[in-house]
Amino acid sequence: MELKWRKSTRSDSNGGACVEVADLRDGVAVRDSKDKSGPTLAFDAQGWRAFIGSLKTN
1 MELKWRKSTR SDSNGGACVE VADLRDGVAV RDSKDKSGPT LAFDAQGWRA FIGSLKTN
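Take the sequence shown: its letters are residues 1 to 58, numbered as in the UniProt record's numbering.
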């Protein structure tokens, strides 16, 4: 399965310091946009919601 990575349209406004996300069958993959061949994180749907929720509260 080839992933289709995307990043925020606002990523250029912060010097390119951003992450890219790709939909998985049962969750989301995340990687550093400046290191496309580097490591990725994978979240299931519940884990992704918890991760995003923690970002919104901090």
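Positions of the beta carbon are idealized from the N, C-alpha and C atoms, including for glycine.
What you are looking at is a predicted structure, and each value in this text was computed from that prediction instead of being measured.
Notebook entry, point to check: Can the beta-carbon of Ala42 be found closer than 8 Å to that of Leu55?
Noted result: no
Checklist line | Counted within 10 angstroms of its Cβ, other Cβ atoms place residue 59 as buried (16 or more) or exposed | finding: There is simply no residue 59 to check, as the chain begins at 1 and stops at 58 in what is shown.
Check: If you draw a straight line from the alpha carbon of Ser37 to that of Ala29, how long is it in whole angstroms?
Finding: 13 Å
Next item on the list: Out of Thr9, Ala22 and Cys18, point me to the one whose CA is closest to Met1's CA.
Entry: Ala22
Note to self: Starting from Arg31, trace the beta strand (DSSP E) in both directions and tell me its first and last residue.
What the structure shows: Gly27 to Asp32
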